[in-house]
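Engineer:
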Amino acid sequence: GFPTVRSLASWLSNLKERCEQLDGWCNDPVTIPKVTDISRLFNPQSFLTAIKQITCQVQSLELNKLQVVTEITKRDVKQIETLAREGAYVCGLYLEGARWDMAANSLEDSKPKEMFCKMPVVQCKAGMASEKEDKN
Numbered sequence: 010g011f012p013t014v015r016s017l018a019s020w021l022s023n024l025k026e027r028c029e030q031l032d033g034w035c036n037d038p039v040t041i042p043k044v045t046d047i048s049r050l051f052n053p054q055s056f057l058t059a060i061k062q063i064t065c066q067v068q069s070l071e072l073n074k075l076q077v078v079t080e081i082t083k084r085d086v087k088q089i090e091t092l093a094r095e096g097a098y099v100c101g102l103y104l105e106g107a108r109w110d111m112a113a114n115s116l117e118d119s120k121p122k123e124m125f126c127k128m129p130v131v132q133c134k135a136g137m138a139s140e141k142e143d144k145n
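Put into structure tokens, the structure is as follows:
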């Protein structure tokens, strides 16, 4: 197993949230969630690979020529009203030792005594490996 510094109550709460997310998908597998909490997935890399696979099917591309491209939105989970046009919206990402400035849309130094900072919703989509974008 993996050693943890979390309390049992925190660990159980997290497990409950993971199971609720999976139950939601199992109970209604046709409905895609507007925002997926990637931190609650047991294997988040498979979710990102699925985003690339869907793009491959739609655009008849090769999987090995795609990469996951991220775009940080200026929105919180509650502000997302529709599905992403491309890829998927994800939440549950945190920065350690830095913070995301929503106004400037850039990475900034962390505030004093603030070790972790929650990221806004991130759009993950597939793009060609040669089309690396450096927006920020």
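Okay, so the sequence shown: first residue is 10 according to my numbering, each after it adds one.
Yeah, the Cβ is synthetic: ideal placement off N, Cα and C, and Gly gets one too.
(1) Opposite Met137 in the DSSP bridges: which residues?
(2) Look at the alpha carbon of Gly33 and the alpha carbon of Asn23, and state the distance between them as a whole number of angstroms.
(3) Quick one: using the 10 Å Cβ neighbour count with 16 as the cut-off for buried, is Thr45 buried or exposed?
(4) Taking 7 Å as the threshold (C-beta atoms), are Leu75 and Lys61 in contact?
(5) Quick check: Lys134 and Leu92, are their CB atoms within less than 7 Å of each other?
(6) Buried or exposed: Thr40, going by 16 or more other Cβ atoms within 10 Å of its Cβ?
(7) By the three-class DSSP mapping on this structure, what secondary structure does Ser119 have?
(8) Please state the DSSP three-state secondary structure of Phe125.
(9) Determine the DSSP secondary structure at Arg108, reduced to helix, strand or coil.
(10) Go ahead and label Val131 buried or exposed: buried means 16 or more other beta carbons lie within 10 angstroms of its beta carbon, across all protein chains shown.
(11) Under three-state DSSP, which class holds Val37?
(12) Going straight from the alpha carbon of Gln66 to that of Thr79, what length do you get?
(13) Leaving out the 5 sequence neighbours to the left and right, which residues in its chain are closer than 7 Å to Gly96 when beta-carbon positions are compared?
Structural biologist: Walking through what the data contain:
(1) Leu75
(2) 16 Å
(3) buried
(4) yes
(5) no
(6) exposed
(7) coil
(8) strand
(9) strand
(10) buried
(11) One detail in the question is off: residue 37 reads as Asp in this sequence, not Val. Asp37: coil per DSSP, three-state reduction.
(12) 20 Å
(13) Ile60, Gln132, Cys133, Lys134, Ala135
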